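Engineer: This is the structure I have questions about; it appears just below.
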Amino acid sequence: KNEVEQSPQNLTAQEGEFITINCSYSVGISALHWLQQHPGGGIVSLFMLSSGKKKHGRLIATINIQEKHSSLHITASHPRDSAVYICAVSGNTPLVFGKGTRLSVIA
Amino acid sequence: NAGVTQTPKFRVLKTGQSMTLLCAQDMNHEYMYWYRQDPGMGLRLIHYSVGEGTTAKGEVPDGYNVSRLKKQNFLLGLESAAPSQTSVYFCAGGQGWTDTQYFGPGTRLTVL
Numbered sequence: 334k335n336e337v338e339q340s341p342q343n344l345t346a347q348e349g350e351f352i353t354i355n356c357s358y359s360v361g362i363s364a365l366h367w368l369q370q371h372p373g374g375g376i377v378s379l380f381m382l383s384s385g386k387k388k389h390g391r392l393i394a395t396i397n398i399q400e401k402h403s404s405l406h407i408t409a410s411h412p413r414d415s416a417v418y419i420c421a422v423s424g425n426t427p428l429v430f431g432k433g434t435r436l437s438v439i440a
Numbered sequence: 010n011a012g013v014t015q016t017p018k019f020r021v022l023k024t025g026q027s028m029t030l031l032c033a034q035d036m037n038h039e040y041m042y043w044y045r046q047d048p049g050m051g052l053r054l055i056h057y058s059v060g061e062g063t064t065a066k067g068e069v070p071d072g073y074n075v076s077r078l079k080k081q082n083f084l085l086g087l088e089s090a091a092p093s094q095t096s097v098y099f100c101a102g103g104q105g106w107t108d109t110q111y112f113g114p115g116t117r118l119t120v121l
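Shown next, in the form of structure tokens:
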């Protein structure tokens, strides 16, 4: 079974800071997903990527297949970015999830 | 479109009671999933379905049963609830293992 590790577990940032959340996995995959869960529970998919880099607004996700590692970056962070960010990986099997990174952005 | 919906949103049960959680989707998803989320554990897969009439066990299936009689609905049953089943339950749907998953809003279940 794939093991998915995220770091850090918790992160507090000042508004405007550049944020990086890391995800590593143990076995080769077909795709890696980044999800966001705001306080109150809803889970939303941010990115799905299998190579390279994707950008959506202030969010950037990168993946290095050889190193089995992905990063989620948030530029110019804002209090509304406060949420839990979850990494998940898939092959020809159901998703395996990391435990999440809790981000708090302070104004 | 409603997307993925779950019924109920909250429920309190006594030990030994039974209940069914309903997941409904209008996005034509082939694959549907039931997860539970517990503090410090992340999301864990209970059961899943890769099409109408099919179901399979996930990582933590004990104490749960599922049915997918219609493509748009995926039911999760607890036959005899236990306090260890206190959790937040999420349903999700998608088109395949590597496809984006669309999550329902969750059901918070407390078993006393």
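If you're matching them up, the sequences are chains A and B in order.
Under the working numbering, the first residue of the first sequence carries the number 334, and numbering increases by one thereafter.
Under the working numbering, the first residue of the second sequence carries the number 10, and numbering increases by one thereafter.
For each residue, glycine too, the CB sits at the ideal point set by N, CA and C.
Since the model is a prediction, treat every value here as computed from it, not as a measurement.
So with CB distances below 8 angstroms, who are the chain A contacts of residue 49(B)?
Structural biologist: The sequence position of residue 49(B) within the second sequence is 40, counting from 1. Near residue 49(B) (Cβ distances below 8 angstroms), the residues of chain A are 432.
Engineer: For residue 359(A), collect the residues of the same chain with a Cβ closer than 6 angstroms to its Cβ; drop the 5 residues on either side in sequence, then sort them by chain order.
Structural biologist: As a first step, residue 359(A) is located in the first sequence; it is residue number 26 there, counting from the start. Excluding residues within five positions, the ones whose Cβ falls inside 6 angstroms are 335 and 336.
Engineer: Identify every run of the beta strand (DSSP E) within the stretch 371-417 of chain A, keeping only runs that are complete inside it and at least 3 residues long; order them along the chain.
Structural biologist: 376-382, 385-389, 392-397 and 402-407, all fully within the stretch 371-417 of chain A.
Engineer: Expressed to the nearest angstrom, what Euclidean distance is found between the alpha-carbon atoms of residue 60(B) and residue 351(A)?
Structural biologist: In the second sequence, the residue the question calls residue 60(B) occupies position 51. In the first sequence, the residue the question calls residue 351(A) occupies position 18. Cα to Cα, residue 60(B) sits roughly 42 angstroms from residue 351(A).
Engineer: Do you know how far the Cα of residue 354(A) is from the Cα of residue 22(B)?
Structural biologist: One-based indexing of the second sequence puts residue 22(B) at position 13. One-based indexing of the first sequence puts residue 354(A) at position 21. Their Cα atoms are separated by approximately 38 angstroms.
Engineer: Give me the residue from 420(A), 422(A), 390(A) and 395(A) with the minimum Cα distance to residue 411(A).
Structural biologist: Within the first sequence, numbered from 1, the residue matching residue 411(A) stands at position 78. The shortest Cα separation from residue 411(A) among 420(A), 422(A), 390(A) and 395(A) belongs to 390(A).
Engineer: Please name the residue in 437(A), 433(A), 438(A) and 421(A) whose C-alpha comes closest to that of residue 364(A).
Structural biologist: Counting from 1 along the first sequence, the entry for residue 364(A) is found at position 31. It is 421(A).
Engineer: Would you decide whether residue 38(B) is buried or exposed? Buried here means 16 or more other CB atoms lie within 10 Å of its CB.
Structural biologist: On the second sequence, residue 38(B) is found 29 positions in, with the first residue counted as 1. Buried, because 16 or more other Cβ atoms sit within 10 Å of the Cβ of residue 38(B).
Engineer: Quick check: residue 348(A) and residue 440(A), are their CB atoms within less than 8 angstroms of each other?
Structural biologist: Looking up residue 348(A) in the first sequence gives position 15. Looking up residue 440(A) in the first sequence gives position 107. Against a cut-off of 8 angstroms, the Cβ pair of residue 440(A) and residue 348(A) comes out as a contact.
Engineer: Need the endpoints of the beta strand (DSSP E) that residue 438(A) sits in, please.
Structural biologist: Along the first sequence, read from residue 1 onward, the residue named residue 438(A) stands at position 105. Looking at the DSSP string, the run of the beta strand (DSSP E) that includes residue 438(A) is 434-439.
Engineer: Could one say the Cβ of residue 114(B) lies closer than 8 angstroms to chain A's Cβ atoms, at least one of them?
Structural biologist: Stepping through the second sequence from its first residue, residue 114(B) is reached at position 105. So yes, residue 114(B) belongs to the interface.
Engineer: Establish whether the CB of residue 109(B) and some CB of chain A are separated by less than 8 angstroms.
Structural biologist: If you number the second sequence from 1, residue 109(B) lands on position 100. By this cut-off, residue 109(B) is an interface position.
Engineer: Going straight from the alpha carbon of residue 67(B) to that of residue 57(B), what length do you get?
Structural biologist: Taking the first residue of the second sequence as 1, we reach residue 67(B) at position 58. Taking the first residue of the second sequence as 1, we reach residue 57(B) at position 48. Cα-Cα distance, rounded: 7 angstroms.
Engineer: How would you call residue 398(A), buried or exposed, if buried means at least 16 neighbouring beta carbons within 10 angstroms?
Structural biologist: Taking the first residue of the first sequence as position 1, residue 398(A) is located at position 65. The residue in question, residue 398(A), is exposed, as its Cβ has fewer than 16 Cβ neighbours within 10 Å.
Engineer: For the stretch 371-383 of chain A, which residues have a beta carbon sitting closer than 8 angstroms to at least one beta carbon of chain B?
Structural biologist: Within the stretch 371-383 of chain A, the qualifying residues are 374, 375, 376, 377, 378, 381 and 383.
Engineer: Is any beta-carbon of chain A found at less than 8 angstroms from that of residue 54(B)?
Structural biologist: In the second sequence, residue 54(B) corresponds to position 45, counting from 1. Yes, its Cβ sits closer than 8 angstroms to a Cβ of chain A.
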